[in-house]
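Trainee: Residue numbers (the working numbering), protein chains in the order written: chain V, 44 to 157; chain P, 221 to 334. Ideal placement from N, C-alpha and C gives every residue a C-beta, glycine not left out. Before I ask anything, let me first share the structure, which is written out below as structure tokens.
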Amino acid sequence: ETGVTQTPRHLVMGMTNKKSLKCEQHLGHNAMYWYKQSAKKPLELMFVYSLEERVENNSVPSRFSPECPNSSHLFLHLHTLQPEDSALYLCASSQDPGSSYEQYFGPGTRLTVT
Amino acid sequence: AQSVTQPDIHITVSEGASLELRCNYSYGATPYLFWYVQSPGQGLQLLLKYFSGDTLVQGIKGFEAEFKRSQSSFNLRKPSVHWSDAAEYFCAVGPVSGGFKTIFGAGTRLFVKA
């Protein structure tokens, strides 16, 4: 595997379910990100991790819970989601967490909340 | 507040024709500037970036962008569009003062007609 991978690629869940999204980067980067991409809206930064430490939490509801066990893996735990949470969730990584560094994106997880 | 504006939601060009996608930003100083492309079902891929120096930047796939400080613009250009260029294009800015938040525009969808 190369680059940034995300699983699953598609997920349908009910509002009472608990699920997790997984991201893995094979680039040796120190920073990882979660973004939400909704139709006709700009990408919304959710969380930033630098060397497994959360350095940015962008006023995201607590029903989204990130976890970064090491610098290569990032999870987004989901519970009691709302229909408006349906979106494409993108994971990205960069060499370091500064805004000057280009980000490498995974293909995303298409989430549908029913 | 920092912002990025892509005035065109979608653009249609004929294959072989030239392309210009517009991007304007609002920021107190010259930020880091990026253009990313997203093909259907894929994550974002960096086309090019500007940090300083020559205001005309060359990127991958034959794209270039010109930074114009007086107009707070960073427009993306390609002299001859190929059908495979059909995708969504995102302009992004990152603050030079540090921080982790790269701000993305809402995107411009490019359609290429034969």
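By how many angstroms is the C-alpha of Ser129 of chain V removed from the C-alpha of Ser81 of chain V?
Mentor: For the purposes of this step, residue 81 of chain V is taken as the residue at position 38 of the first sequence. For the purposes of this step, residue 129 of chain V is taken as the residue at position 86 of the first sequence. The straight-line gap from Cα to Cα measures roughly 8 Å.
Trainee: Would you check if the distance between the CB atom of Leu121 of chain V and the CB atom of Lys84 of chain V is smaller than 8 Å?
Mentor: One-based indexing of the first sequence puts residue 121 of chain V at position 78. One-based indexing of the first sequence puts residue 84 of chain V at position 41. Cβ atoms of Leu121 of chain V and Lys84 of chain V: not closer than 8 Å.
Trainee: Please list, in chain order, the chain V residues whose beta carbon lies closer than 9 Å to that of Ala249 of chain P.
Mentor: Taking the first residue of the second sequence as 1, we reach residue 249 of chain P at position 29. Within 9 Å Cβ-Cβ: nothing; Ala249 of chain P doesn't reach chain V, min ~12 Å.
Trainee: What does DSSP give as the partner residue(s) for Thr328 of chain P in the beta ladder?
Mentor: Position 108 of the second sequence, counting from 1, holds the residue named residue 328 of chain P. Answer is P:Tyr309.
Trainee: Applying the 10 Å Cβ sphere with the 16-neighbour rule, what's the burial state of Ala221 of chain P?
Mentor: The count along the second sequence starts at 1 and reaches residue 221 of chain P at position 1. Residue burial is scored here from C-beta neighbours: Ala221 of chain P has fewer than 16 other C-beta atoms within 10 angstroms and is therefore classed as exposed.
Trainee: Please identify, using Cβ separations under 9 Å, the residues of the stretch 94-125 of chain V that lie next to chain P, in order along the chain.
Mentor: Val98, Glu99 and Asn101
Trainee: In angstroms with no decimal places, state the Cα-to-Cα distance between Ala135 of chain V and Met75 of chain V.
Mentor: Stepping through the first sequence from its first residue, residue 135 of chain V is reached at position 92. Stepping through the first sequence from its first residue, residue 75 of chain V is reached at position 32. Going by the C-alpha atoms only, they are around 6 Å apart.
Trainee: In the DSSP assignment, the beta strand (DSSP E) including Tyr144 of chain V goes from what residue to what residue?
Mentor: One-based indexing of the first sequence puts residue 144 of chain V at position 101. Element bounds for Tyr144 of chain V: n/a, residue is neither H nor E.
Trainee: Around the Cβ of Met89 of chain V, are there at least 16 other Cβ atoms within 10 angstroms (buried) or fewer (exposed)?
Mentor: Taking the first sequence and counting its residues from 1, the one referred to as residue 89 of chain V is at position 46. It counts as buried.
Trainee: Judging by CA-CA distance, which residue of V:Leu70, V:Thr45 and V:Trp77 is the nearest neighbour of Gly151 of chain V?
Mentor: On the first sequence, residue 151 of chain V is found 108 positions in, with the first residue counted as 1. It is V:Trp77 whose Cα lies nearest to the Cα of Gly151 of chain V.
Trainee: For Val91 of chain V and Lys288 of chain P, I'd like the C-alpha separation in whole angstroms.
Mentor: Looking up residue 91 of chain V in the first sequence gives position 48. Looking up residue 288 of chain P in the second sequence gives position 68. Take the alpha-carbon of Val91 of chain V and the one of Lys288 of chain P: they are about 30 Å apart.
Trainee: Please list, in chain order, the residues of the stretch 81-95 of chain V that have any C-beta partner in chain A closer than 9 Å.
Mentor: The structure shown contains no chain A; the protein chains it does contain are V and P.
Trainee: For the beta strand (DSSP E) containing Pro109 of chain V, list its first residue and its last residue.
Mentor: Along the first sequence, one-based indexing puts residue 109 of chain V at 66. Note, Pro109 of chain V: beta strand (DSSP E), Phe107 to Asn113.
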